[in-house]
Amino acid sequence: VGLFLSDQQIKKVSASHVEGAAKVGQAAVLGAGIMGGGIAYQSAVKGTPILMKDINEQAIQTGLDEASRLLSGQVERGRMDSKKMAASLSRIRPTLSYGDFAEVDLVVEAVVENPKVKGMVLAEVEKQVDKDTILTSNTSTISISRLAESLQRPENFCGMHFFNPVHRMPLVEVIRGEKTSDAAIAATVAYAQKMGKTPIVVNDCPGFLVNRILFPYFGGFAKLLEAGVELARIDKVMERFGWPMGPAYLLDVVGLDTAVHANGVMAEGFPDRMASDNPSAIAKLVEQGRLGQKSGSGFYNYE
Ligand code: NAD
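Final position of the sequence shown in this note's numbering is 352; the numbers increase by one with none missing.
Here it is in structure tokens:
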């Protein structure tokens, strides 16, 4: 499987004159969870207005609270004054409807990691936007070509995979599906750059580049737990190794339900290399409602 586009292809898509490549003046994010809130913050702080849509007020509030928390942190550290904070917040427009989506140049879908839900949401949003609007998915693992099957205009669709926490992690994977156009890739690369990120263009496969490495690592961690090794010791060892955090803490940051979904998709895509069942230690915590930091507890307690 070729992961990267050739140098020649990258030059072609990153050229600012790609025919039909839209400039992203107005963005939208679907889902105001951990990732949606972070994406809205990053877009707003770097100057691109963004609509943030979710399915209920409470979820929207979660995303807004996350963006406000990040902005307040910038003010407290003296990196931003309160005027810039207010201007950034005003660029995030929460909504429960698709009312204003006709004006949107690029949509980032960041709802739950479930192919059926994502397919439905993408098909629904496609009906609301202009025919040239670029649709992207922040899926961690699901094939972009497979998600594109739910769309009428698959050429306008690609992956835009941010990492958590969005404001800290520089990399964005831009994923080309079988039918993705150069114009869609170019617009997405340009938007990622405007957000201050480093985009890399990768071909489509379950887990893309980073999660093909990360999920087998989580699997190794789960096997160590099953063998009776204490999780805090594993985390400490990986911190000493030089990683900013160990696997248990990282899974709590990622969200254990998201990780379990993602692991299932990866196992389906690579049955020869990944266990077909979810790592039991992680699945058990999800059954108990311990979803990681977002629910107040996961491997560790946060309340
Ligand atoms: P989350 O559970 O925190 O948030 C998901 C949000 O989607 C919720 O607010 C939910 O109400 C909303 N939602 C569900 N159905 C919807 C619909 N029909 N329309 C609008 N909103 C809807 O999840 P998350 O961790 O933010 O993950 C979102 C996506 O980002 C997933 O695809 C995940 O794989 C991907 N991702 C997650 C991480 C991570 O570390 N958490 C990293 C990279 C990518």
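Note that the Cβ used here is the ideal one computed from N, Cα and C, for glycine as well.
- Rounded to the nearest whole angstrom, the CA to CA distance from residue 211 to residue 229 is 19 Å.
- Remark: the C-beta of residue 315 is outside contact range of the ligand NAD, defined as less than 7 Å to any heavy atom.
- Distance from the CA of residue 81 to the CA of residue 171, rounded to the nearest whole angstrom, comes to 16 Å.
- Within 7 Å of the C-beta of residue 344 there is not a single heavy atom belonging to the ligand NAD.
- Taking the C-beta atoms as reference points, residue 79 is found nearer than 8 Å to residue 158.
- Contact check for residue 302 against residue 332 fails: the beta carbons are separated by 8 Å or more.
- Boundaries of the alpha helix (DSSP H) harbouring residue 310: 305 to 318, taken from the DSSP string.
- Residue pairing of residue 248 in beta bridges, as defined by DSSP: 221.
- With respect to residue 83, residue 243 sits apart: the two C-beta atoms are not nearer than 8 Å.
- Unbroken beta strand (DSSP E) runs of no fewer than 3 residues, entirely contained in the region 193 to 244, are found at 206 to 210 and 220 to 225, following chain order.
- Of the other Cβ atoms in all chains shown, fewer than 16 fall within 10 Å of the Cβ of residue 293; this residue is therefore exposed.
- Relative to the ligand NAD, the beta carbon of residue 312 is positioned no closer than 7 Å to any heavy atom.
- If you check the CB distance, residue 99 and residue 140 come in under 8 Å.
- Here DSSP, grouped into helix, strand and coil, assigns residue 275 to helix.
- Comparing C-alpha distances from residue 150 to each of 235, 181 and 287 shows the shortest one belongs to 181.
- Boundaries cannot be given for residue 182, as no beta strand (DSSP E) includes it and DSSP labels it neither H nor E.
- One Cα belongs to residue 164, the other to residue 90, and the distance between them is close to 26 Å.
- Taking a C-beta distance under 8 Å as the contact criterion, residue 257 and residue 296 do not qualify as a contact pair.
- Restricting attention to 202, 201 and 239, the CA atom closest to the CA of residue 209 is found in 239.
- With fewer than 16 other beta carbons inside 10 angstroms of its own, residue 166 counts as exposed.
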